[in-house]
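To start, the structure itself, in structure tokens.
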Amino acid sequence: MDLGAVTQRSALHAKPSGLVLQYGTAGFRAHAGHLDHIMYRMGLLAVLRSKQTKSTIGVMVTASHNPEEDNGVKLIDPLGEMLAPSWEEHATRLANAEEQELPRELVGISEREAVDLQQDAFVVVGRDTRASSEKFSQSVIDGVTALGGLFHDYGLLTTPQLHYMVYCRNTGGQYGKATVEGYYQKLSKAFVELTKQASCSGDEHRTLKVDCANGIGALKLKEMQQYFSQGLSVQLFNDGTKGKLNHLCGADFVKSHQKPPEGMEMKSNERCCSFDGDADRIVYYYRDADGQFHLIDGDKIATLVSSFLKDLLVEIGENFNVGVVQTAYANGSSTRYLQEVMKVPVYCTKTGVKHLHHKAQEFDIGVYFEANGHGTALFSKAVEMKIKQLAKELEDNKGKAAKMLANVIDLFNQAAGDAISDMLVIEAILALKGLTAQQWDALYRDLPNRQLKVKVADRRVISTTDAERQVLTPPGLQEVISDLVKQYRLSRAFVRPSGTEDVIRVYAEADSQANADSLAHEVSLAVFQLAGGTGERPTSGLCG
Ligand code: G16
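Per full-length UniProt numbering, the very first residue in the sequence shown carries number 1; after that it's consecutive.
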């Protein structure tokens, strides 16, 4: 390890003294002005991780749903998964080491992780469309080369596309071809094959309006649409040509404000969806004949997907173990529907797809979605092989079902939640089942809910347990929340520190929207009082 070169190059990416940042829910996220040294150091860390795992590692420069002035970075592990938790700790330590401590920190990580420094390292880099992202990806590359690593810069990519590239490269191309073209072809082929089998799909089923959050999803969907246009036509809004990234649009805005994005024309009963800024989340929605807005979030996506998979499994007579993974944000009605009507086991993990992904891997088929629309379905290798073999052997309806399953396996991005892949899966299922968005929405009725954000001096004062459903500290807060919850029917509330923004998140649900709003507001006030709120006291009616 040429520590001289590392230190010399680091001076060009100097850490602002005293600045402390943490590897959060999805990597580092902060105002772009604070991140150059983090980028360089994540390039360094990616080299060590690559040497240790003897695999290609990914580095994605994005702040996903955050506002345009923020940015962020995360590392992608060999099978396209989020970075292992022990390495998140290394990332935080490396990010916070003052300049003179950097060499010692690097040596420490190499020793603790028994990194063979003679091993080659290869890192792939991708970035979103933020103004700061191009320069930052160059800083990552500076870090990679300072430690002697080789790299490939994919340039502009959606986050899930980079996860896909890493997975392809580390499976010797078995999962797919590690190019953007390879991604388009693999997914589109599976989609077109699937939708060919849809018998009754009128025009209204085959046109979809997509709000791209003024982000990278627009560029990639524009490139990709020619590959799947046989099965679906998409109309893009908020494509980045006019508006600001994630501003009054995108999946996060639509989900948390429970209203349509700006910049999209919606006629009644038209099926619409929104991506977030790096296209790893998707939510659907429509307006009914009375003009009322209806949101179809990640919970309903999980329900649609798991019911589709279960029906096909029954058809082919296979009794694979199917599980659904959610977080505390899952609407109570969705959990009840999955458990009581669909008889599917449901598990709850902490927020962050890394937690859901790992839980989902425990099943033959694991479907995981956060309510915010981030998720996918995972199929064990054994199940995939069995289904693909049955697709060749079985005939008639059984054969048809096995072929559908085989195509669904190829259509899901099994490395990460992916808005484009999920969109195609959903569109295929709706077409195959002949369902409208309204019929899908009618599977169950969501309990009214509200999400808010509260600013506090230090969000680390709130710690949680029980998959974030209970507060441990500060003392007394959980008791207040529990007392408030008792005052409403069908109610539930919890609070947790965000891992991507400097806020505390508050979630409440109850029997009516007014009650959910009121409960969320009262819980916000309790957080403000007991957890060191700053700025203005929360006022009712504020959306998070
Ligand atoms: C990221 C994570 C998601 C998480 C979201 C919000 O999404 O990948 O799993 O739900 O942040 O996290 P938090 O509530 O901790 O801020 P994205 O789309 O921003 O990458």
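No residue lacks a Cβ here, since even glycine has one placed at the ideal position from N, Cα and C.
Residue i, buried or exposed, once every other Cβ within 10 Å from all chains shown has been counted against 16
i, result
"L102", "buried"
"R112", "exposed"
"T159", "buried"
"T179", "exposed"
"D418", "buried"
"E204", "With a pLDDT of only 44 at E204, under the threshold of 50, the placement of this residue in the model should not be trusted, and no figure is reported."
"R489", "exposed"
"P16", "exposed"
"H13", "buried"
"M264", "buried"
"E524", "In the sequence as presented, Glu is not what sits at residue 524; that position holds Ser. S524 is buried by the Cβ-count criterion."
"E501", "buried"
"V234", "buried"
"V314", "exposed"
"M224", "buried"
"A457", "exposed"
Same chain, Cβ closer than 8 Å to residue i, five either side skipped, listed in chain order
i, result
"E522", "L484"
"V341", "Y444"
"S201", "Because the pLDDT of S201 is 48, which lies under 50, any placement of that residue in the model is unreliable, and the question is left without a value."
"I109", "L45, L48, H90, R93, L94, V115"
"L477", "I462, V471, V495, A526, V527, L530, A531"
"A11", "E99"
"E105", "R93, L94, A97"
"E468", "T327, A328, K350, T351, F494, R496"
Residues bridged to residue i (per DSSP)
i, result
"V210", "L236, C273"
"Y347", "V325"
"V495", "V506"
"G108", "G108 pairs with nothing; no bridge assigned."
"G366", "G323, L378"
"L295", "Y285"
"G533", "V456"
Coarse secondary structure for residue i, derived from DSSP in three states
i, result
"H374", "coil"
"R450", "strand"
"T465", "strand"
"Y286", "strand"
"F320", "coil"
"G352", "coil"
"T473", "strand"
"F308", "helix"
"L490", "coil"
"G215", "coil"
"T92", "helix"
"E427", "helix"
"G399", "helix"
"A330", "coil"
"K15", "coil"
"T515", "Looking at the sequence itself, residue 515 is Asn, so the reference to Thr does not match. Residue state, collapsed to three classes: helix."
"G340", "According to the sequence displayed, residue 340 carries Glu and not Gly. Helix, per DSSP."
"F228", "helix"
"D441", "helix"
"D418", "coil"
"D2", "coil"
"N407", "helix"
"T539", "coil"
Same chain, Cβ closer than 7 Å to residue i, neighbours up to 5 away in sequence not counted
i, result
"K388", "A406"
"V346", "V324, Q326, T335, L338, Q339"
"P260", "V254, M266, Y285, F293"
"V192", "F228, Q230, G231"
"L542", "Its pLDDT being 48, under 50, L542 is placed unreliably in this model, and the value from its coordinates should be taken loosely. Same-chain partners within the cutoff: L452."
"H152", "V124"
"V383", "F320, D364, I365"
"Y154", "V124, V125, G126, L162, M165"
Cβ neighbours of residue i in the same chain (closer than 6 Å, five flanking residues each side left out)
i, result
"S268", "R287, A289"
"C168", "Y175, G176, A178"
"Y183", "Q161, Y164"
"D128", "T62, I216, D278"
"A371", "D297, G298, D299, Y329, A330"
"S306", "V324, V344, V367"
"M1", "L117"
"L83", "L75, D77"
"F379", "I365, I409"
"G499", "G24, T25"
Continuous alpha helix (DSSP H) assignments of at least 4 residues falling wholly in the region 19 to 86: 36 to 53
Would you list, in sequence order, the uninterrupted beta strand (DSSP E) runs of no fewer than 3 residues that lie entirely inside the region 116 to 196? 122 to 127, 150 to 156
Completely contained alpha helix (DSSP H) runs for the region 241 to 271, where each covers 4 or more residues: 250 to 257
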